[in-house]
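Engineer:
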Amino acid sequence: MEDWRHCTMWLISCNVLPANHRVTADTAQVFDLAQTLRDGVLLCQLLNNLRPHTINLKEINLRPQMSQFLCLKNIRTFLTSCFEVFGMKKKDLFECFDLFDVRNFGKQAEVDVRSCCLSEIKQTEEKYTETLESIEKYFLNPLRKFFSAAEIDKVFVNIPELVKVHKSLMVDVQDSILNKNALNLYQIFISYKERLLIYGMYCSQVEIAIAVLDLICKEKEDVRVKLEECSKRANNGKFTLRDLLVVPMQRVLKYHLLLQELVKHTHDAADKSNLKIALDAMKDLAQFVNEVKRDNETLREIDQYQRSIENLNQPLISYGRPKGDGEWCYGFYVTHQQGHAGFEFFFKTRELKKKWLDQFEMAISNIRPEKANHNTHHFMMHTFERITSCSCCHLLLRGIFNQGYLCLKCGLGAHKECLGRLDICGKTDSAKPKLKENTPPPDPGLPRMVVIRDYAGVPCPQCGPPLSIHAGDVIELMFADLHSSWWQGKILATSKIGFFPSPMERYQAEVELLDRENGTYLVRHRRKECTEYAISIKFNDKVKHIKILTKDGCFYIAEGRLFRTVLDLVEYYKQHSLKEGFRSLDTTLQVPYRELSNGNVPKAITRSGSVPLGGCSFVPPSSSPFWLVGVAVARHDFCSRDTRELSLLQGDTIRIYTKMSNGWWKGEIDGRMGWFPSTYVEEEE
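Here UniProt numbering is used: position 452 in the sequence shown is 452, and no number is missing along the way.
(1) Let me check understanding here. Comparing Cα to Cα, which of LEU33, ALA19, GLU126, ASN20 lies closest to GLU2?
(2) Let me check you understand the geometry: is the CB of SER134 closer than 7 Å to at least one non-hydrogen atom of the ligand MG?
(3) Checking 8 Å against the spacing of the C-beta atoms, do LEU245 and ILE210 come in under that value?
(4) With H, G and I counted as helix, E and B as strand and the rest as coil, what does DSSP make of THR494?
(5) CB-CB under 8 Å to ALA198, same chain, minus the five flanking residues each way: which ones, in chain order?
(6) Measure the CB-CB distance between TYR572 and PHE563 and report whether it falls below 8 Å.
(7) Quick one: is ASP473 buried, meaning 16 or more other Cβ sit within 10 Å of its Cβ, or exposed?
(8) My output table needs one value for SER536: the three-state DSSP class, helix, strand or coil.
(9) Mind reading off the beta-carbon distance from LEU241 to PHE139? Whole number of angstroms is fine, and I expect it under 8 Å.
(10) In whole angstroms, what is the alpha-carbon distance linking GLU580 and ALA558?
(11) Report back the beta-carbon spacing between THR54 and LEU47 to the nearest angstrom; my notes put them in contact at under 8 Å.
(12) As a quick exercise: from ILE135, ILE317, ILE177, pick the residue whose alpha carbon is nearest that of ASN235.
(13) Can you tell me whether PHE500 is buried or exposed? The criterion is at least 16 other CB atoms within 10 Å of its CB, across all chains shown.
(14) Note down the Cα distance separating ARG421 from LEU549, rounded to an integer number of angstroms.
(15) Which residue comes first and which comes last in the alpha helix (DSSP H) that contains PRO160?
(16) For chain D, check one thing: does any of its Cβ atoms lie closer than 8 Å to the Cβ of ASP153?
(17) Could you pull out every unbroken alpha helix (DSSP H) segment of at least 4 residues lying fully inside the region 116 to 166, listed in chain order?
(18) If you check the beta carbons only, do MET478 and LYS496 fall under 8 Å apart?
(19) Go ahead and label LEU522 buried or exposed: buried means 16 or more other beta carbons lie within 10 angstroms of its beta carbon, across all protein chains shown.
(20) Exposed or buried, what is PRO322 when buried is set at 16 or more other beta-carbons lying within 10 Å of its beta-carbon?
(21) So is ASP284 buried or exposed if we call it buried at 16+ other beta carbons inside 10 Å?
(22) On the CB-based measure, 16 or more other CB atoms within 10 Å of its CB, does PHE379 come out buried or exposed?
(23) Which same chain residues end up closer than 7 Å to ASP39 when comparing Cβ atoms and leaving out the 5 residues on each side of it in sequence?
(24) Could you tell me the distance, in whole angstroms, from the CA atom of ASN15 to the CA atom of VAL41?
(25) Below 8 Å on the Cβ atoms is my guess for LYS293 versus SER204; work out the distance and round it to an integer in Å.
(26) Going by beta carbon distance, what residues of the same chain come within less than 7 Å of GLN45, once the five residues before and after it are set aside?
(27) For LEU396, write down the residues that DSSP places opposite it in a beta bridge.
(28) So, using beta-carbon positions, are ILE216 and VAL223 closer together than 8 Å?
(29) Give a yes or no on whether the C-beta atoms belonging to PHE288 and GLY426 are separated by under 8 Å.
(30) Is there contact here, the region 365 to 377 with the region 649 to 658, by at least three beta-carbon pairs under 8 Å?
(31) Comparing C-alpha positions only, which one of ILE12, LYS354, MET362 sits nearest to ALA471?
(32) What's the gap between the Cα of ARG524 and the Cα of LYS542?
(33) What residue range does the beta strand (DSSP E) around GLU344 cover?
(34) Report all residues from its chain with a CB closer than 6 Å to the CB of LEU79; omit the five preceding and five following residues, and keep chain order.
(35) Do HIS415 and GLY404 have their C-beta atoms within less than 8 Å of each other?
(36) With a threshold of 7 Å on Cβ separation, who are the neighbours of GLU221 within its own chain once the five nearest residues in sequence on each side are excluded?
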């Protein structure tokens, strides 16, 4: 499509032109569009549609009747608003007579994308610094007469320090981009990383600042009036102080995105490598700010718990981060082997009991990490009062309490995952024996699962011997492919090894069936209820799902026809249409999902209670949907702090399924699933 027709479609989408305007006709030409815009009226209306009240319609002539004076006046009003309101550069705008005389009506020359990235970094930094200065000039200083010193500190946090840092940063960024071709831009961001750490304090207190501001406005009428007056002086009343207070948090979390785009469009190898270092620094900064904010929220939550429990003398903060739960239904006792006081625990389900036992195991690992005494160090979990970087990987120790580990001998700080990579302790206790050099590293352990339903070996896997399992068994995974129907594992109690059905749910069933022929079906456990079944079938090129209901120990999809087993139900609907229960589903169960391509059905079709067999294509449920959004390689080791996190080793390939804006991603490595910080990996393109 020609450029001018793209322009026409955009004007229609902006409600400037009607959909049936003559410029949309097949016979229309670019001259017709020029004639339509020539008097400037529609252009002025366009700006008002994009941003209401940009132009006062009383200032333009709505019926210029092609008067040169009136048309040029309208066009100049449009161009002036583009420059003053929308921040467009004059060199990017056309001349008044170009439009009126219908000349030079072509597209503006394209600008180098990298130059646009640099321009955006410079312009947004200038605009942001201007915003910070306006907060200080038009709000903070005038309000000192109305607010107490404590209220000023609570509402404006450390705005003056931010102003000072960004005035300096803006000058350096301008000098780099305008005078040095941005060759030292990466050094600027690296050097300012330490100074920008003050955002941890601001972002963790901005919600309290807004709450305090709202309370003051509610209680003091004179303050509310003064704030409105300040807002009018600052920006003609477009943005209130409440609006402006959230801008710093948005800005600090955008630096790595701006640099990421610049890296993408930088082709010089040396420049790209340098900018990646700066990008890592800004990612680390964003991660640090998010963790500090989260830790402050956690401290406030712990404080609420502390004040809600009567006669509680111990500080709850000493127990670490809270792991909240809901209503409890199950309970058990944990007694001390030497007869000391025991504990009583309550849980909603048996599965949660297992999860909490895993959490206890993880907590013990955090308190006494495996590599705590590596190379004669003596590391203990520690709360660092000052912002500290890891002595091994040099990334920040994130958060504000229990951020990492401190060697009580030499004073080094480190992440848990870095403990085993540090050199020999600088202050070694000679009385202690040295570690043997060739001692093999301990087995880190494979991921484990708890069985929630029996599998007796049917249907039989084609890839190896079946593993008979029973509810409550603990399986150590040995091989787990998310797209495979069978996983390999070992029962810890008996050391038996074999294959068992992999998890599958509604979404994965759709993915598996979409590439199959119509009539292909499978029977699966429902995700929410492990004792209930569902049929997934491809019909008319779409995947449909049918819940199998139960009544008096029988199974059915239409109330008038009950079956003793799921197998009987499937066998019946192989011969009879499903429209008995669903009018729009006029098909039979034709091709089992696990039927081989040559039409043969796998062997070992035997009966085991009500469990469907080979011809039924039984597939169990999954714990979560799998939607691959990317692949990354671990650049640093990362040791999980609880069972929700995913430990990484340098060089690991991670399949990414979820990306959160706070810098945490969810992914999978060899069947292990969990959350990890994005700053520890590099995503492959």
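Where a beta carbon is used, it is the ideal one built from N, C-alpha and C, also for glycine. In this text, all values refer to a predicted model and were calculated from it rather than measured experimentally.
Structural biologist: With the structure as the only source:
(1) For the purposes of this step, residue 2 is taken as the residue at position 2 of the sequence shown. The shortest C-alpha separation from GLU2 is found at LEU33.
(2) Judged by which ligands are present, the structure shown has none, so any question about the ligand MG falls away.
(3) Within the sequence shown, residue 245 is the residue found at index 245, counting from 1. Within the sequence shown, residue 210 is the residue found at index 210, counting from 1. Yes, they are a contact pair.
(4) On the sequence shown, position 494 is the one that residue 494 refers to. Reduced to three states, the DSSP call for THR494 is coil.
(5) Position 198 of the sequence shown, counted from the first residue, corresponds to residue 198. Note that residue 198 is Ile in the sequence shown here, rather than Ala. If we look at ILE198 and ignore the five residues flanking it on each side, its Cβ neighbours are ASN158, GLU161, LEU162, VAL165.
(6) Within the sequence shown, residue 572 is the residue found at index 572, counting from 1. Within the sequence shown, residue 563 is the residue found at index 563, counting from 1. Yes, Cβ-Cβ distance for TYR572 and PHE563 is below 8 Å.
(7) Counted from its first residue, the sequence shown places residue 473 at position 473. Result: buried.
(8) The residue given as residue 536 occupies position 536 in the sequence shown. Reduced to three states, the DSSP call for SER536 is strand.
(9) Along the sequence shown, one-based indexing puts residue 241 at 241. Along the sequence shown, one-based indexing puts residue 139 at 139. Yes, they are in contact, since the Cβ atoms of LEU241 and PHE139 sit about 5 Å apart, within 8 Å.
(10) For this step, residue 580 is matched to residue 580 along the sequence shown. For this step, residue 558 is matched to residue 558 along the sequence shown. Roughly 6 Å between the two C-alpha positions.
(11) Here the question's residue 54 lines up with position 54 in the sequence shown. Here the question's residue 47 lines up with position 47 in the sequence shown. Yes, THR54 and LEU47 are in contact; Cβ-Cβ is about 4 Å, under 8 Å.
(12) Here residue 235 refers to the residue found at position 235 of the sequence shown. Ranking ILE135, ILE317, ILE177 by Cα distance to ASN235 puts ILE135 first.
(13) Reading the sequence shown from its first residue, position 500 is the one you call residue 500. Buried.
(14) Sequence index remark: in the sequence shown, residue 421 carries index 421 (1-based). Sequence index remark: in the sequence shown, residue 549 carries index 549 (1-based). So the two alpha carbons sit approximately 56 Å from each other.
(15) One-based indexing of the sequence shown puts residue 160 at position 160. 159 to 179 is the span of the alpha helix (DSSP H), which, as asked, contains PRO160.
(16) Going by chain labels, chain D is absent from the structure shown, which holds only one protein chain.
(17) 149 to 156
(18) As a working note, residue 478 is residue 478 in the sequence shown. As a working note, residue 496 is residue 496 in the sequence shown. No, the Cβ-Cβ distance between MET478 and LYS496 is not below 8 Å.
(19) To locate residue 522, count along the sequence shown from 1; it is residue 522. Buried, because 16 or more other Cβ atoms sit within 10 Å of the Cβ of LEU522.
(20) Here residue 322 refers to the residue found at position 322 when the sequence shown is read from its first residue. Answer is exposed; the Cβ neighbour count stays below 16.
(21) Here the question's residue 284 lines up with position 284 in the sequence shown. Classification for ASP284: buried.
(22) On the sequence shown, position 379 is the one that residue 379 refers to. Classification for PHE379: buried.
(23) In the sequence shown, the residue the question calls residue 39 occupies position 39. So the list reads PRO64, MET66, CYS71, ASN74, once near-sequence residues are dropped.
(24) Along the sequence shown, read from residue 1 onward, the residue named residue 15 stands at position 15. Along the sequence shown, read from residue 1 onward, the residue named residue 41 stands at position 41. Roughly 14 Å between the two C-alpha positions.
(25) For this step, residue 293 is matched to residue 293 along the sequence shown. For this step, residue 204 is matched to residue 204 along the sequence shown. Between SER204 and LYS293 the Cβ distance is about 4 Å, and since that is below 8 Å, they are a contact.
(26) Against the sequence shown, residue 45 aligns to sequence position 45. If we look at GLN45 and ignore the five residues flanking it on each side, its Cβ neighbours are VAL16.
(27) Start at 1 with the first residue of the sequence shown, and residue 396 comes out as number 396. In the DSSP output, where bridge partners are listed per residue, LEU396 has SER389.
(28) Numbered from its first residue, the sequence shown carries residue 216 at position 216. Numbered from its first residue, the sequence shown carries residue 223 at position 223. Yes, the pair counts as a contact, with Cβ atoms nearer than the cut-off.
(29) The residue labelled residue 288 in the question sits at position 288 within the sequence shown. The residue labelled residue 426 in the question sits at position 426 within the sequence shown. Result no, Cβ atoms of PHE288 and GLY426 do not sit closer than 8 Å.
(30) no
(31) As a working note, residue 471 is residue 471 in the sequence shown. That would be LYS354, whose Cα lies nearest to the Cα of ALA471.
(32) Position 524 of the sequence shown holds residue 524. Position 542 of the sequence shown holds residue 542. Answer to the nearest angstrom: the Cα atoms are 18 Å apart.
(33) Position 344 of the sequence shown, counting from 1, holds the residue named residue 344. Its beta strand (DSSP E) spans residues 343 to 347.
(34) Here residue 79 refers to the residue found at position 79 when the sequence shown is read from its first residue. For LEU79, where only same-chain residues beyond five positions count, the Cβ hits under 6 Å are LEU93.
(35) Indexing the sequence shown from 1 puts residue 415 at position 415. Indexing the sequence shown from 1 puts residue 404 at position 404. Contact flag set, yes.
(36) Against the sequence shown, residue 221 aligns to sequence position 221. So no residue of the chain qualifies.
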